[in-house]
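Under my numbering, think of the first position of the sequence shown as 12, with each following residue one higher. Working notes for the structure below.
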Amino acid sequence: MAINPANYELHDIIGEGGFGVVYRATHVPTAQIVAIKILRLNPQTTEAVRQRQRARFERETQLCAQLNHPHIVSLLDKGYTDEGNLFAVFEFVEGQSLKEMIIQSGGLTPVLAGELMGQVLDGLAHAHQMGIVHRDLKPSNIMVSKTGIKYHAKILDFGIGTFTTQFQPKDYALLTLTQEALGTPAYTAPEQLRGDPVTHRADLYAWGLIMLECLTGKQVMGGHSSGEVFDHQLNANPVPLPSTLVDHPLGAVMRKTLEKKAELRVGSAEEVAKLLASVNFQTLTGSFFLPQGIAAGVAEDITTVSDLATGHYPSQKHLITALAIQVNLEAMEPSEVDQEIIDSIQDDQLTVFKDLATRHGGYLAGSVADTMTILFGYPVKDENDARFAGRTALELMSQAQRRGAL
12 MAINPANYEL HDIIGEGGFG VVYRATHVPT AQIVAIKILR LNPQTTEAVR QRQRARFERE
72 TQLCAQLNHP HIVSLLDKGY TDEGNLFAVF EFVEGQSLKE MIIQSGGLTP VLAGELMGQV
132 LDGLAHAHQM GIVHRDLKPS NIMVSKTGIK YHAKILDFGI GTFTTQFQPK DYALLTLTQE
192 ALGTPAYTAP EQLRGDPVTH RADLYAWGLI MLECLTGKQV MGGHSSGEVF DHQLNANPVP
252 LPSTLVDHPL GAVMRKTLEK KAELRVGSAE EVAKLLASVN FQTLTGSFFL PQGIAAGVAE
312 DITTVSDLAT GHYPSQKHLI TALAIQVNLE AMEPSEVDQE IIDSIQDDQL TVFKDLATRH
372 GGYLAGSVAD TMTILFGYPV KDENDARFAG RTALELMSQA QRRGAL
């Protein structure tokens, strides 16, 4: 495949995803080795979908252009191939992904884990200062290279990243609609899975899960199915810690980053860095086993992106069961109740309902004020979708009655 202008020579494929291919290449004028990501469009999709994929690719380059940090892969160039496909040129990192490193070693030494994840945290701090949330941080999106005797980590792939509201440029294309970007469920914060507005705290949750994976060699929130992974992430149980960490200072850091309620989670990467600076990783000894029954399976390392809100789909049809949920609060007897308290209780109830419906295989299609719609049979159909929807409705009613009696 030729690239215009003809300044690059493509070599082998080093990465491949749903919307793009990454090549190792040479910048001919300087002989520098680079990585080139080329957008790959499916000709069988509608033009509207292809345009959305182009816009998402442009957004990734727009985000990366704002970042200049030693622990984030740098954007060097962008353009179009002779076929008219978008491409972006990134620095080439000679090494392996953190995922590969963990698999090969069965878990990193505490000192190396602390060193690499400290570097990742520093990169996140820079991105967050620029108003950028990665939203898909995971071991396969962290490259590790070695120069001399030192290891260096670099964050890559801001493909579903976004600017926080206050940092969005005036010409920024707001592509993320309801649950458009789920990320990779095994590393995704609960609020992101629910489709709630995402802040930099979601990246810190993912960072905490990766730190634990570095130590244990196991995917902390893995499972044999996506439903099992969603249940681990959305249930009320705290993220499990190895017994070795429970009374160690690092355990306290992990609990702050892995709080499932975003509002209770640690507030910034800088705050985590300060806490991490007081941790002596050399005092971490022994084995790092997760509690029995956790991470029995390994979830697929695939970024989930949904274009449900675009309204453009292939011609294939199948039945979808929709469950509409409305939450109304009424006082049992006349009393003066603060409206903020009522709103807080209502928001909490909606969150409980969303979590329960998602664990039963439901998909949050949208929510407005006190009403939300859950789909069963999207994006993947099941012959029991209607039954799942009915069972969910009954459990929601039972849940509401129990809470109403309190």
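The C-beta atom is built at its ideal place from N, Cα and C for all residues, glycine as well.
Less than 7 angstroms between C-beta atoms, sequence neighbours within five positions excluded: which residues of the same chain meet that for residue i?
i       : result
Val-39  : Asn-18, Tyr-19, Glu-20
Pro-260 : Ser-289, Val-290
Val-277 : Leu-215, Lys-267, Thr-268, Val-283
Asn-152 : Ile-166, Leu-167, Asp-168
Val-363 : Gln-410
Gly-28  : none
Val-209 : Val-144, Arg-146, Glu-202, Gln-203
Starting from the C-beta of residue i, find all residues in its chain whose C-beta is less than 6 angstroms away, skip the five residues before and the five after it, and write them out in chain order.
i       : result
Lys-149 : Thr-195, Tyr-198
Ala-200 : Ala-213, Tyr-216
Ile-139 : Looking at the sequence itself, residue 139 is His, so the reference to Ile does not match. Within the same chain, His-139 has close Cβ partners His-211, Ala-280.
Arg-205 : Lys-365
Thr-382 : Gln-337
Lys-110 : Pro-150, Ser-151
Asp-23  : Arg-35
Phe-178 : Gly-142
Arg-413 : none
Tyr-324 : With a pLDDT of 41 at Tyr-324, under the threshold of 50, the modelled position of that residue is not reliable, and the figure given next carries that caveat. For Tyr-324, where only same-chain residues beyond five positions count, there are no Cβ hits under 6 angstroms.
Could you give the C-beta distance for residue i and residue j, rounded to a whole number, given that I count them as a contact under 8 angstroms?
i       : j       : result
Ala-397 : Leu-386 : Wrong, their Cβ atoms sit about 12 angstroms apart, outside the cutoff.
Gln-130 : Ala-164 : 4 angstroms
Arg-51  : Gly-31  : 5 angstroms
Leu-256 : Thr-369 : Actually they do not touch by this definition, with Cβ atoms about 29 angstroms apart.
Gly-373 : Leu-330 : Rounded, the Cβ-Cβ distance is 15 angstroms, inconsistent with contact.
To the nearest angstrom, report how far apart residue i and residue j are at their CA atoms.
i       : j       : result
Gly-322 : Thr-57  : Low per-residue confidence applies at Gly-322: pLDDT is 41, beneath 50, and the placement is therefore not dependable, though the value from the model is reported in the following sentence. Cα-Cα distance, rounded: 11 angstroms.
Tyr-389 : Thr-294 : 48 angstroms
Lys-157 : Gly-106 : 7 angstroms
Ile-114 : Gly-297 : 19 angstroms
Ile-221 : Phe-174 : 23 angstroms
Leu-275 : Asp-358 : 16 angstroms
Arg-402 : Ile-143 : 40 angstroms
Leu-123 : Met-232 : 22 angstroms
Leu-319 : Thr-384 : Only weak support exists for where Leu-319 lies, its pLDDT of 48 falling under 50; the coordinates are left without a value.
Gln-410 : Ser-237 : 24 angstroms
Ala-99  : Lys-285 : 35 angstroms
Leu-287 : Gly-262 : 10 angstroms
Thr-72  : Ala-59  : 20 angstroms
Met-450 : Arg-35  : Outside the shown range of the chain, which is 12 to 417, sits residue 450, and nothing can be said about it.
Glu-224 : Met-265 : 12 angstroms
Lys-48  : Val-33  : 4 angstroms
Asp-93  : Met-112 : 37 angstroms
Gly-172 : His-145 : 4 angstroms
Asp-207 : Gly-159 : 44 angstroms
Gly-170 : Asp-147 : 8 angstroms
Ile-356 : Ala-400 : 24 angstroms
Thr-37  : Arg-65  : 24 angstroms
Gly-95  : Glu-394 : 42 angstroms
Arg-61  : Asn-53  : 7 angstroms
Thr-332 : Asp-242 : 21 angstroms
Val-250 : Gln-43  : 44 angstroms
Ala-273 : Gln-55  : 39 angstroms
Judging by CA-CA distance, which residue of the options is the nearest neighbour of residue i?
i       : options                            : result
Leu-361 : Met-408, Phe-399, Thr-158          : Met-408
Leu-252 : Glu-270, Leu-245, Gly-238          : Glu-270
Leu-87  : Arg-70, Ala-46, Leu-127, Arg-63    : Ala-46
Glu-126 : Gly-373, Lys-48, Asp-207, Leu-226  : Leu-226
Ala-404 : Glu-394, His-371, Lys-272, Leu-50  : His-371
His-137 : Pro-81, Phe-399, Ile-44            : Pro-81
Met-154 : Pro-302, Thr-120, Val-104, Asp-242 : Val-104
Glu-228 : His-22, Arg-65, Gly-118            : Reading off the sequence shown, one finds Gly at residue 228, where the question assumed Glu. Looking at the Cα atoms, Gly-118 is the closest of the given residues.
Thr-120 : Gln-177, Asn-53, Phe-299           : Phe-299
Ala-247 : Leu-367, Gly-28, Arg-413           : Leu-367
Ser-108 : Ser-254, Arg-61, Tyr-162           : Tyr-162
Gly-134 : Leu-334, Ala-335, Trp-218          : Trp-218
Phe-292 : Met-128, Gly-95, Gln-43            : Met-128
Ser-254 : Glu-406, Thr-41, Leu-301, Arg-70   : Leu-301
If you measure from the beta carbon of residue i to each beta carbon in chain C, is any gap under 8 angstroms?
i       : result
Gly-234 : No chain C appears in the structure shown, which is made up of a single protein chain.
Going by DSSP, name the residue or residues bridged to residue i.
i       : result
Tyr-19  : His-38
Ile-166 : Ile-83, Ile-153
Ile-24  : Tyr-34
Glu-102 : Val-45
Phe-178 : In DSSP, Phe-178 forms no bridge with anything.
Ser-108 : Met-154
Lys-271 : In the DSSP output, where bridge partners are listed per residue, Lys-271 has none listed.
Gln-337 : Thr-382
Val-144 : Thr-173
Leu-387 : Before going on, a small fix: residue 387 reads as Phe here, not Leu. Phe-387 is bridged to Thr-332.
Gly-374 : Note that residue 374 corresponds to Tyr in the displayed sequence, not to Gly. In the DSSP output, where bridge partners are listed per residue, Tyr-374 has Leu-386.
Lys-161 : Thr-158
So, at 8 angstroms on beta carbons, what are the nonlocal neighbours of residue i in its own chain, with the 5 sequence-adjacent residues on each side left out?
i       : result
Ser-85  : Cys-75, Leu-78, Asn-79, Phe-101, Glu-102
Val-240 : Pro-196, Ala-197, Met-232, Gly-233, Gly-234, Ala-310
Lys-89  : Thr-72, Leu-97, Phe-98, Ala-99, Val-100
Leu-132 : Trp-218, Ala-280, Val-283, Ala-284, Leu-287
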